[in-house]
Amino acid sequence: LNGELQVLDVRSGRSRKLSIWVPDDGVARRPSRIDVAENIEDWSLSPKGERALFVARGDIFTAPIESGPTRNLTRSPRAHDKWARWSPDGRKIAFVSDRNGEEEIYLVNQDGSGELEQLTEGGSVMRYAPEWAPDGKRLAFSDKDGKLYVLEIATKRLTEIADEERGGLRDYAWAPNGGHLAFSMSDRNFFNSIYIWSVGDGELRRVTDGMFDESNPAWDPEGKYLYYVSKREFAPQICSYEWNYAVDREDAIFALALRKDVAHPFPPKSDEVTVEGEKAQEGADESDGDKKKKKETSKKYIQIDFDGLAQRVARVPVDADNFTGLAAAEGKILFVRRGSNYYGRESGTKPALHVFDLEKREDKVVADEIQGYALAHDGKKVLVRSGKTYKLLETKPGDEGKKVSTDGLEVDRVPADEWAQIFDEVWRRFRDFFYVPNMHGYDWTALRQQYRPLLEHVAHRSDLNYVIGEMIAELSVSHAYISGGDYDIPDRPKAGLPGARLELDAEAGRYRIAEILPGQNEESRYRSPLTEIGVQISPGDYVLAIDGEELRADESPYRLLLHKADRPVVLTVNDRPSMRGARQVKYDPVDSERNLRYLAWVARKRDMVDEMTDGRVGYLHIPDMGSNGIREFIKWYYGQIRKEGLILDVRNNGGGNVSQMLIERLRRELLGTRFSRTAETPGTYPAVVFHGHMACVLDEDSASDGDIFPHMFRKAGLGPLIGKRSWGGVIGITGRGPLVDGGSVYVPEFGTNAIDGSWVIEGHGVDPDIEVTNDPKSILEGRDLQLERAVAEVLAAMERDPRRLPERPQPPIRAPHAVTER
547 LNGELQVLDV RSGRSRKLSI WVPDDGVARR PSRIDVAENI EDWSLSPKGE
597 RALFVARGDI FTAPIESGPT RNLTRSPRAH DKWARWSPDG RKIAFVSDRN
647 GEEEIYLVNQ DGSGELEQLT EGGSVMRYAP EWAPDGKRLA FSDKDGKLYV
697 LEIATKRLTE IADEERGGLR DYAWAPNGGH LAFSMSDRNF FNSIYIWSVG
747 DGELRRVTDG MFDESNPAWD PEGKYLYYVS KREFAPQICS YEWNYAVDRE
797 DAIFALALRK DVAHPFPPKS DEVTVEGEKA QEGADESDGD KKKKKETSKK
847 YIQIDFDGLA QRVARVPVDA DNFTGLAAAE GKILFVRRGS NYYGRESGTK
897 PALHVFDLEK REDKVVADEI QGYALAHDGK KVLVRSGKTY KLLETKPGDE
947 GKKVSTDGLE VDRVPADEWA QIFDEVWRRF RDFFYVPNMH GYDWTALRQQ
997 YRPLLEHVAH RSDLNYVIGE MIAELSVSHA YISGGDYDIP DRPKAGLPGA
1047 RLELDAEAGR YRIAEILPGQ NEESRYRSPL TEIGVQISPG DYVLAIDGEE
1097 LRADESPYRL LLHKADRPVV LTVNDRPSMR GARQVKYDPV DSERNLRYLA
1147 WVARKRDMVD EMTDGRVGYL HIPDMGSNGI REFIKWYYGQ IRKEGLILDV
1197 RNNGGGNVSQ MLIERLRREL LGTRFSRTAE TPGTYPAVVF HGHMACVLDE
1247 DSASDGDIFP HMFRKAGLGP LIGKRSWGGV IGITGRGPLV DGGSVYVPEF
1297 GTNAIDGSWV IEGHGVDPDI EVTNDPKSIL EGRDLQLERA VAEVLAAMER
1347 DPRRLPERPQ PPIRAPHAVT ER
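Residue numbers for the sequence shown follow my numbering, beginning at 547 and rising by one.
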């Protein structure tokens, strides 16, 4: 009842409110000035790189490169200011703010003087970065619906110039002098193509081919070329587990010649003789009038010959790789090379900012291990971020650069104001991104009005999360999460765990080792300390002391192991509960036994299946549909590829997004076999295919993509589903950036549908074909009724329809008069 407590008189049927007052000092509600260097969400540079521009904790700051004050330009605890961009003339800064309740574009003087100027009105959705035209007359920005706008600064006239049907149009870039805007939009094949919108005629033109993926346009400052990134390297990486490929490092950089009279950007090289006086003669006859005319021409919008533009293309001589952040400056191209994408581990190659010298045709590193960069308008300086450090560099290799201090990024935090802003922003994000516009039939505006008065009673950031959580829960949807924010949660202290179960021998008054988790020391995640080489200890041994501190019955062994996860631990052990004859054993601890206990559980299930089927049926548990799940699938699937049957277990699956990868492999069909002279057993076509019967076990905790997997398993006809109805939450989520204090909100944005478009799974789950309950009695007896039934179903299918690979056939005879044995 909105936090109220009431007492019901069961005789009269009447209730009365309890009035409870809890005195507190309101520490979490006190206004304070705080450092916000940890809350930086965006950064940029002044036109010539004299000052840095930071967005942190909802305020806009400029900071000196070396000397001078840091300035907070907006001071807005009730607003989330973001996406700040400096004007080309250095006078103004444009940014997005929700200070009036919706996101609009504003201008502020670069020194913070004067009043803010609001450039747009009537906003109703999230908006993205405003980008200045080089002549300072226009801004381009997009919104969450994929609409791209051009805003005239003087008149505040707003023109919609494009609409990306999938949303998320972000790579818009202005041509020199501001006459054209280039960007990419997607096609039905999910590839992107480059488009150019022109100020002069207001026309939008597609300039590249829809058969290839092209994006990230960048204009040559001289107006001769348009550079872009396209996926044009088709040499794949081959998988070592199966005959299959992955495409990686496929990006190349290209240049479009904007006019027919433009020369090839990389003509054949030829060393020629320089004639004496030739350079001096060049331009000698150029009059003052010619120079003036040339200067006036440089201010005009560049001309583009759109006829045949796509065919006037040349590849920049840079090796293909994974590229982001393409930009161009005078005589050079800048880009970021990044490593390959991995699931569950970082790439061995850190992102690095490169510069390609157009004249020398050399590619060199400007900065290693960066998290992004911002280029000054003149292209001569760049601000890079590495970890929490910001450094200003010249756009050439070898510059040591200058570290830019983030000291002085301070805001006057007013918690109640921030909490109100966060509440409203979360409400807007659900309004803007919820996967269906009808909000499941709820009046989302009315729900805001219902819950917003509770802000009066919020006294801590965790209170705010509770109120928001209650509001978004009204939508009856999965994956509606609010988390984090401006409050400290102490780190959980880590203990130096042995990977074993200790039990108390009450009669002896000592602890002994009841079980050592076996682990798999070949993998660090499954390293079991007491099973490692040189650690002489066995189940049944008594642990008499830990690091010399005696362990008795009235003590917890885990207290003695606390704070010892980062160093070796010494156990005093004996095969009897006595110090006499005891020995010392040293081990390298782990700080969590979760993985070891999981591995032991899986091993027991696999042993059960092996025993019930005489080794004919395999078992594979998939813990989630993320990095852990896909690694477990890779680890255990291929080694059981020649079993006659296979149980796929997705009980307690935590979800993710890789189910389609697993289903694709499981549904492969045996199309043929292959024999060679030296192999007695056949190969298969496809080379890796499971040719046997399968079943899937699911339960109430099969969640998210763990719901989708059994649904698609059945849809693919792979076998029966056995167990209990799954969780029923399959609307995919996104974050859409941090909240003002670094908190997170995840909005359900991507629905799951059948072939005919109907909604599936959400709110109900996946019903098993055969419902089986693991009741407490059977669990305590060590049984698994769901797994047992799955094994029975697979064995019965194997009996009805044996699926074995053939024996070697008789060799074919091709000779017309072959001699055969009689």
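Note that CB positions come from ideal geometry on N, CA and C, so glycine has one too. None of these values were measured; they are calculated from a predicted model.
- Burial state of V553 is exposed, judged by a 10 Å Cβ sphere holding fewer than 16 other Cβ atoms.
- Contact annotation: the segment 1316-1334 does not touch the segment 1282-1293, with fewer than three C-beta pairs closer than 8 Å.
- Around the beta carbon of N762, 16 or more other beta carbons sit within 10 angstroms, so the residue counts as buried.
- Within its own chain, the residues whose Cβ lies closer than 7 Å to the Cβ of P1135, once the five positions on either side in sequence are excluded, are G1042, L1043, P1044, P1075, K1110, A1111, V1115, listed in chain order.
- Sixteen is the threshold: when 16 or more other Cβ atoms of the shown chains lie within 10 Å of the Cβ of D644, as they do, the residue is buried.
- Around the beta carbon of P897, a 10 Å sphere encloses 16 or more other beta carbons of the protein chains shown; the residue is thus reported as buried.
- One alpha carbon belongs to I586, the other to R597, and they sit about 16 Å apart.
- Cβ-Cβ distances below 7 Å link P767 to P722, A874, A875, E876, G925 in the same chain, with the five nearest sequence neighbours on each side left out; the list follows chain order.
- Judged by DSSP in its simplified three-state form, S932 adopts strand.
- By the 16-neighbour rule on beta-carbons within 10 angstroms, W589 is buried.
- DSSP places N548 in the coil class of the three-state scheme, outside both helix and strand.
- Taking a contact to require three or more Cβ pairs closer than 8 Å, the segment 1211-1219 and the segment 1256-1267 qualify as touching.
- Excluding the 5 residues flanking it on each side, G954 has same chain C-beta neighbours closer than 6 Å at T616, in chain order.
- With respect to K690, R712 sits apart: the two C-beta atoms are not nearer than 9 Å.
- Counting of Cβ neighbours within 10 angstroms places N1199 among the buried residues, the total reaching 16 or more.
- Within the same chain, and ignoring the five residues on either side of S1222 in sequence, the residues whose Cβ sits closer than 8 Å to its Cβ are G1229.
- Look at the beta carbons and you see the segment 1295-1313 not touching the segment 1172-1184: under three pairs across the two are nearer than 8 Å.
- Around the beta carbon of Y773, 16 or more other beta carbons lie within 10 angstroms, which makes this residue buried.
- M1125 carries a coil assignment under DSSP once its states are collapsed to helix, strand and coil.
- Under the Cβ criterion (8 Å, minimum of three pairs), the segment 1296-1305 does not count as touching the segment 1343-1358.
- Looking at Q1066, D797, A1091, the one whose alpha-carbon comes closest to that of R1126 is A1091.
- Taking 9 Å as the cut-off, the Cβ atoms of K878 and T935 do not count as close.
- DSSP, reduced to helix, strand and coil, places A1361 outside both helices and strands of the structure shown, so it counts as coil.
- With respect to the 9 Å criterion, D1087 and N1120 are classified as neighbours on the basis of their beta carbons.
- A buried status is given to S732, since no fewer than 16 other beta-carbon atoms sit within 10 Å of its beta-carbon.
- By the CB criterion at 9 Å, I1028 and G1015 fall inside the cutoff.
- When secondary structure is reduced to three states using DSSP, D1051 falls in the strand class.
- Straight-line measurement puts the Cα of E1096 at about 15 Å from the Cα of R1122.
- Contact between I651 and L697 is confirmed by a C-beta separation of about 7 Å, below the 8 Å threshold.
- Distance from the Cα of G1278 is smallest, within the candidate group G1263, I1254, I1268, for I1254.
- Residue pairing of W678 in beta bridges, as defined by DSSP: L685.
- Taking C-beta atoms as the reference points, K628 and G1283 count as a pair closer than 9 Å.
- Ranking I968, L1001, I1018 by CA distance to the CA of T991 puts I1018 first.
- The closest CA to that of P676, considering only K638, G647, S659, is found on K638.
- In the DSSP assignment, H1239 falls within the unbroken beta strand (DSSP E) covering 1239-1244.
- Taking one beta carbon from each stretch, the segment 618-628 and the segment 988-1005 have fewer than 3 pairs nearer than 8 Å; the two do not touch.
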